[in-house]
Amino acid sequence: MARDEAYQEAERRIEAARQEGATELDLSGLGLTEVPEAIATLTQLQSLNLSGNQLAELPEVIATLTQLQSLNLSGNQLSELPKAIATLTQLQKLDFSGNQLTELPGFIQNFRQLQNLYFSGNQLTEMPEWIGDLTELRSLDFTDNQLETIPLTIRSLHQLRFMGLAGNQLKELPEVFFALNQLQSLNLTDNQLSKLPNSFSSLKQLRQLGLGYVAGGNYLGNLPSSVRHMKQLRRLWAYKCQLKFLPEWLGDLKNLESLELESNHLIDLPTSLVQIPLLIKIELDHNPLNPDLSAAYEQGMRAISQYLRARAEGEVLLSEAKLILVGEGEVGKSCLLGSLRGDDWLEGRPTTHGIEIKPVIVNASNNGTEITLNGWDFGGQRVYRPTHQLFFSSTAVYLVVWKPREGPQQGFVKEWITLIKHREPDAKILVVATHGGPGQRQPDIDRQELIDLFGSDTVLGFHHIDSKEGTGIAELREAIAEVAATLPGMGRKVPTKWQQIRELLEASGKPYMPYSDVIALCEEHGLEGFAAELFVRVSHTLGYLIHYHYDEILKDTVILQPDWLAKAISFVLDDELTRDRNGLVEFEHLSQLWSHPPFKGETGYPIELHPIFLRLMERFDLSYRVVLDPAVPEASNTHLIAQLVPDQRPEQLPNWGAEPEAGDRQQVQICRIVDDRGQSANAEGLFYQLIVRLHKYSLGRNNYPDSVHWQRGLMLDNDYNGRALLEHIGNDVKITVRAAYPERFLSYLTEEVKWLVESFWEGLNCNIMVPCIAPCGMENPGQGLFEVQKLIESKKKNRPEFPCTVSGCDEWQNIDQLLNNAPTTPAPSQVIGIDQFQNMAKDLENAIRSDLVKLDRREHQRYQALSREQRAMMSRIDQQFAYLMQMLIDEAKEGPRLFSFQPVDPGFFDRPNWVAEKFRLTLWCEHSRKPLPVLNPDAPKQGVYELELNREWFTKAVPVFKFVTGTLSLVLPVAASTTQFMLDDSTYQGIKEELDLGQKSLEFGIKSSNIAVDWHTKRDEAEFEHGEAIRAQGAMLRELHALLKDKDPGFGGLEKVQNKRREFLWVHPQFVDEY
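With the first letter of the sequence shown counted as 1, position 868 gets the number 868 in UniProt numbering; the numbers rise by one all the way through.
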């Protein structure tokens, strides 16, 4: 509001108050720089609110308002308290928060009726001694000033209930706090306190105590013992207080409801917390919690309570971990494991297929604690390497075993350490040379090179042993024990019942059990709820069993023989017939392999486990089901083992000439894979996983013989989004996309590769690169590579060019032209706003739908008949939809993101002053992008709800409603692309009308609403619809989820699934198998 307008508005309100004889006047938030003199006429005024203006001074006439009991001047620009208010001795509330005060005048001590005094957010360096004269004070707030001391006179404030001292520079507090025995809330966060006075034990009425929060804490180290006496305490927040442990006496605070302890050094919680009946909230983010507590915390308060209750009934120290032996074949890993166990020497041990698991017992040197290690002996054949990585974990001691008698073994040591380090960056490794002894070749390995390459915190020692003679075994056992004692979570406390249940599972003799039976066994022996789930998770981590709790199919089965899975996979990889067929294998043959393995000394597995083995291989991205007969795709029982595809590139790639086809553009990106030093690194097995993960885009997805893939290459087709060629060149993945609008498919593929690399191989990074273009200083465009992120950073600094990184090339490339190869183009709504994009796409979309209806066949070739402009628009709409889903990704954990709505009563548009209204909301499937009534023709009301929304809530939700429904309006005409069937005209028109009514409701519903003015004026501005604005609206979507859950906790039958990136989606049951 302009200055003159603000002043006039203030005068208008003053005059109205005079005429009405009002005792209250609100002039807040007008932007006033001065107060009208007419204020003097309101001598009857008892409450005056001038907050949120730009006042630097007050008029002298303010002194005439002698009946004032409340004066609010917060959020202005006052540097001193005006003397004019000295006459206002009837004041009971005075608020000067958020100004620029540096000192307080003495006349305030005359305001003996003051009950509430607020000076937060100023520049005060001291609290005056006369503060003790204001004996009626109930609330006193000096938050966010520069106080260094508190005067002793505060002991006179016997009526004080609230005191705010956060955000100052207090190093100690006076003992006189004992006199404030009526205090109920005290905030001391963000100071420099190292202890609290003993007198705090007298604050027995305290309900809330703040010792630390987001802005800062105090240097307490331990929770002060005086807190123990605050029996009425309900909320305790102590962020950033350097707390290392919590005392058991916390359980004595029976009224505690909220315990907020973020950003400390806590590893564990006291079991006494289960004795607090009212405790409903614990915040522990940014603490180094032990693995069990961390898992419980992720699940919520109920899980924490169940976990602590199980420990309270009896607990023991957990001293267990994995011992993982890796190395090439025939280097003596199995013999070494036997020797570490004290087994008798066995001549001619058979080759290890997959993994052998046997326990090893060692004793910690510092205290003699017995540590149980599950020894995992991995087969050394190179073909096993990609699958070995699946079983690596951080809670393990790694032995890299090598044979010095064979020259190339040194190089293999480096490869194995690299493989481990890429998967588990914090791994602890001992390098062990075998088959030494008298007359044998001594270990010859460059130890310093390995330490320099991988760090002395990774490579912890070198050992030379002879398993047959026992030479060096004792020293190695000591070293293993020393490393094991330092592993994460070693020595943490767990329920005593864990060991009892583990023994019962072992005694059962069963190879596997239904998950429900394992949980029932736990509950039968006193482990309830999450405590039982946690037992299964930790047993999986330690290698006692295998269970994947996050997989919808695998979560129902617990494999009690974890080595069986690795062996089952190894039988397939070693099978000659499967290898001869380049990885194609029928389930019947797999079942035969698993029932009667053709390998010496190996026994078969129960037939009930075979489908589970196959599902696990799919889960690990090792295989997928292929279609050999397009006429009956569902009848196929053939699978591709991606690791065994041909190693030769086809001579001719289909529809992939030297140049893109007419109407298409080509974009290229390189996913450069690097280690933590920025050096090029190999992600072992990456391309096999990509073949599986991306098979839905395979050229042979409907007919396997059309597939084009080899061990270092892959061709994909994504309908109108174009065709792609992925090539594994060195350690990098080169992605080339040709399409009318290649940005969409290229962006998806690079994100997929990047996510896979950085989530599966925690020690690796994936940098997105673009190739150089003409003119090239080396006359070889494409040879130089530029990191996209660096190009973007340079562009932000207004640098138009970037130097080539190739040695000998002096060319500087144009950044804009280089970025043409990078999918950095934002979603359309980010550039021009959702409204303008809808208008731009409207006519073209109608033509697209018309053409698709004519061409409606179930093959993807129909899209080739569309024009280049049409295909480009469809890709841009896909990009907009992907942006919507990504912006609301967090909200998908709790409920669906897609919906349309309309007012129930058509007369809604005749009521401009509406207060509350009923709206009909319809949920959509996030896979097919269609509303549930279309997918449930026999139950058209399923997923359709009537909600009464008040105007204020509706107005706040407008941005996210507009973002969702605007995007769905774009998606609707081309929604067939995901499921290959078109909506009939009447259904299409019905949905379109509902979306249009929803959009019209948004425009109408916010008219004359003060709350919505700012949004409405900005609704087409790009920055408003950028990510942060939409993410900020996520809270409204979560509130909508809560409203829907009250109506229908099942969300109309939508099922929550996870895609390959473990992102949640809500889909119709008919599409669940797609995930």
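All residues carry an ideal CB built from backbone N, CA and C; glycine is no exception.
Beta-bridge partners of Glu24 (DSSP): Ser47.
The closest CA to that of Leu972, considering only Arg929, Asp664 and Ala166, is found on Arg929.
Proximity to Gly784 across Met513, Ile773 and Ser794 peaks at Ile773, based on C-alpha coordinates. Within the same chain, Cβ atoms closer than 6 Å to the Cβ of Ser591 are found at His610, the five residues on either side in sequence being excluded. When the Cα atoms are used, Tyr1075 and Glu1063 turn out to be separated by approximately 11 Å.
When Gly132, Gln666, Lys1056 and Asp706 are compared, the shortest CA-CA separation from Gln113 is found for Gly132. The distance from the Cβ of Ser74 to that of Ser47 is about 14 Å, inconsistent with a contact at the 8 Å cut-off.
The residues Phe462, in chain order, have a CB closer than 7 Å to that of Arg447 in the same chain once the five nearest residues on each side in sequence are set aside. DSSP places Tyr398 within a strand segment (E or B) once states are collapsed to three. Excluding its 5 nearest sequence neighbours in each direction, Pro650 has C-beta neighbours in its own chain below 8 Å: Val708 and Trp710, listed in chain order. Membership of Met769 in the beta strand (DSSP E) is indicated by the continuous run Asn765 to Pro771. Of the residues assessed, Arg897 falls on the buried side of the cut-off, its CB having 16 or more other CB atoms within 10 angstroms. For Lys1056, the enclosing beta strand (DSSP E) begins and ends at Glu1055 to Gln1058. Note: Arg920 is bridge-paired with Gln902 and Glu946 in the DSSP secondary-structure output. By the CB criterion at 8 Å, Gly31 and Gln54 fall inside the cutoff. The beta carbon of Leu45 sits closer than 7 Å to the beta carbons of Thr23, Leu25, Leu65, Gln67 and Leu68 from its chain, once the five residues preceding and following it are set aside; these are given in chain order. Buried is the label assigned to Gln870, since at least 16 other Cβ atoms lie within 10 Å of its Cβ. By the neighbour-count criterion, in which 16 or more other beta carbons inside 10 Å mark a residue as buried, Ala481 falls on the buried side. In the DSSP assignment, Trp376 forms a beta bridge with Ile324 and Ile357. Annotation for Lys493: no alpha helix (DSSP H) segment contains it, though the beta strand (DSSP E) segment containing it runs Arg492 to Pro495. For Ile282, the uninterrupted beta strand (DSSP E) segment begins and ends at Lys281 to Glu283. If you ignore the 5 residues before and after Leu997, its C-beta comes within less than 6 Å of the C-beta of Gln902, all in its own chain and listed in chain order. Ranked by Cα distance from Lys696, the first of Pro705, Gly713 and Asn718 is Asn718.
Where His610 is concerned, the enclosing alpha helix (DSSP H) starts and stops at His610 to Arg619. One thing to note: Leu173 has its Cβ no nearer than 8 Å to the Cβ of Ser194. Leu269 sits away from Leu253, with the two beta carbons spaced by 8 Å or more.
The region 492-509 makes no contact with the region 322-335, as fewer than three CB pairs between them are under 8 Å.
Exposed is the label assigned to Glu298, since fewer than 16 other Cβ atoms lie within 10 Å of its Cβ.
In the structure shown, Trp755 adopts helical secondary structure according to DSSP, grouped into three states.
Annotated three-state conformation of Pro633 is helix, per DSSP.
For the pair Glu994 and Tyr883, the Cα-to-Cα distance works out to about 23 Å. When the five nearest sequence neighbours on each side are left out, the beta carbons in the same chain lying within less than 8 Å of the beta carbon of Asp664 are those of Gly722, Arg738, Ala739, Ala740, Pro742 and Arg868, in order along the chain. If you look at Phe786, you'll find it in the beta strand (DSSP E) that goes Leu785 to Glu787. Spatial neighbours of Val176 in its own chain (CB-CB distance under 8 Å, excluding positions within 5 residues in sequence) are listed in chain order as Leu152, Ile154, Arg155 and Ser199.
The C-alpha of Trp924 is placed about 13 Å away from the C-alpha of Phe1071.
Of all alpha-carbon atoms in Leu686, Lys414, Pro800 and Pro514, the one lying nearest the alpha-carbon of Cys766 is that of Leu686.
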